[in-house]
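Participant: Heads up, the working numbering is the position in the sequence shown plus 573, with the first residue counted as 1.
The structure that follows is given in the form of structure tokens.
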Amino acid sequence: MMHETPLPAGYHPLPPGHLANVVTCLEMTEKPPLRPVPEVAGLSLERLGAADTQRFRALFRAIGQDIMWFSRLVMAEETLAGIIGDPKVHSHALVKQGRDIGLLELDFREAGQCELSFFGLVPSEVGSGAGRFLMNAALERAWGQPITRMWVHTCTFDHPNALSFYRRSGFRPYQVMVEVHPDPRLTGHLPREASPQVPLLEGTSLAGR
Numbered sequence: 574m575m576h577e578t579p580l581p582a583g584y585h586p587l588p589p590g591h592l593a594n595v596v597t598c599l600e601m602t603e604k605p606p607l608r609p610v611p612e613v614a615g616l617s618l619e620r621l622g623a624a625d626t627q628r629f630r631a632l633f634r635a636i637g638q639d640i641m642w643f644s645r646l647v648m649a650e651e652t653l654a655g656i657i658g659d660p661k662v663h664s665h666a667l668v669k670q671g672r673d674i675g676l677l678e679l680d681f682r683e684a685g686q687c688e689l690s691f692f693g694l695v696p697s698e699v700g701s702g703a704g705r706f707l708m709n710a711a712l713e714r715a716w717g718q719p720i721t722r723m724w725v726h727t728c729t730f731d732h733p734n735a736l737s738f739y740r741r742s743g744f745r746p747y748q749v750m751v752e753v754h755p756d757p758r759l760t761g762h763l764p765r766e767a768s769p770q771v772p773l774l775e776g777t778s779l780a781g782r
């Protein structure tokens, strides 16, 4: 949920067991020219549906464990199945030589718009050219639908090159927010050793709540 009341200037302590990160929202209102794709052999996209929740979660973890992806890990099974099984939500696994290496999700549930709700690669494929292949596929699919706006958000937990990659792909920043949420390593949704670059502050453990 996005809140419209801005934070005042200054420092703001967090509740025990919580994290904060800076979120940048970006958008485009027309299809941009596609950037060249490096030669990467054996890439294909496979559509995921309601029966693929285990495959989705495994790929979600493989991509997001060290960049603090947790939103789909805290969902009930039927909720996740309902999202990726929705005909207006296009979830895809990027497959390389039989192995899932990337995730692309385009959400068309808001009329005339597409949210690039998830986009990522497993760490071993970052910088391989697979990301540009995946982004071009995202832009082709999104703007092949009757939309007037495509948007995405990234945050300070994401890969350090994510924001510049989105901007090179044609997205323009339009809003900055601060997100506060329970540390998923303390709730048990991510391993305690996940995202070692983010300090784990014990505070009051939320595990089991």
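The beta-carbon is built from N, C-alpha and C at its ideal position, and this holds for glycine as well.
Leu-667 to Leu-646, Cα distance in whole Å?
Facilitator: Taking the first residue of the sequence shown as position 1, residue 667 is located at position 94. Taking the first residue of the sequence shown as position 1, residue 646 is located at position 73. Distance between the alpha carbons of Leu-667 and Leu-646: 20 Å.
Participant: For Pro-764 and Asp-639, what's the separation of their Cα atoms in angstroms?
Facilitator: Here the question's residue 764 lines up with position 191 in the sequence shown. Here the question's residue 639 lines up with position 66 in the sequence shown. Taking the straight line from one Cα to the other gives about 10 Å.
Participant: Whole-angstrom Cβ separation of Gly-671 and Ala-703, contact assumed at under 8 Å?
Facilitator: Stepping through the sequence shown from its first residue, residue 671 is reached at position 98. Stepping through the sequence shown from its first residue, residue 703 is reached at position 130. Contact flag wrong, Cβ pair sits at about 14 Å.
Participant: How close, in whole Å, do the beta carbons of Leu-736 and Ala-711 come, if the pair is a contact with beta carbons under 8 Å?
Facilitator: Mapped onto the sequence shown, residue 736 falls at position 163. Mapped onto the sequence shown, residue 711 falls at position 138. Actually they are not in contact, since the Cβ atoms of Leu-736 and Ala-711 sit about 16 Å apart, beyond 8 Å.
Participant: According to the neighbour-count rule (16 or more other Cβ atoms, all chains shown, within 10 Å of its Cβ), is Leu-587 buried or exposed?
Facilitator: Numbered from its first residue, the sequence shown carries residue 587 at position 14. The residue is exposed, with fewer than 16 neighbouring Cβ atoms inside 10 Å.
Participant: Which one of Ala-614, Asp-673, Asp-756, Gly-655 has the shortest CA to CA distance from Arg-682?
Facilitator: Counting from 1 along the sequence shown, the entry for residue 682 is found at position 109. With distances taken between Cα atoms, Arg-682 lies closest to Gly-655.
Participant: Any chance the stretch 622-632 sits against the stretch 748-758, with 3 or more Cβ pairs inside 8 Å?
Facilitator: no
Participant: Using C-beta distances below 7 Å, list every residue in its chain close to Phe-805, excluding the 5 sequence neighbours before and after it, in chain order.
Facilitator: Past the boundaries of the shown model lies residue 805; the chain is included only from 574 to 782, so the question cannot be answered.
Participant: Report buried or exposed for Ala-635, applying the criterion of at least 16 other Cβ atoms within 10 angstroms of its Cβ.
Facilitator: Mapped onto the sequence shown, residue 635 falls at position 62. Classification of Ala-635: buried, given that the 10 Å Cβ count is 16 or more.
Participant: How would you label Lys-661, buried or exposed, when you count the other beta carbons within 10 angstroms and need 16 or more for buried?
Facilitator: Sequence index remark: in the sequence shown, residue 661 carries index 88 (1-based). By the 10 Å Cβ count, Lys-661 comes out exposed.
Participant: For Ser-768, collect the residues of the same chain with a Cβ closer than 8 Å to its Cβ; drop the 5 residues on either side in sequence, then sort them by chain order.
Facilitator: Here residue 768 refers to the residue found at position 195 of the sequence shown. The answer, listed in chain order, is Gln-638, Asp-639, Ile-640, Met-641, Phe-730, Arg-758.
Participant: Check Glu-612 in the structure and name its three-state DSSP category.
Facilitator: Start at 1 with the first residue of the sequence shown, and residue 612 comes out as number 39. It is coil, neither helix nor strand.
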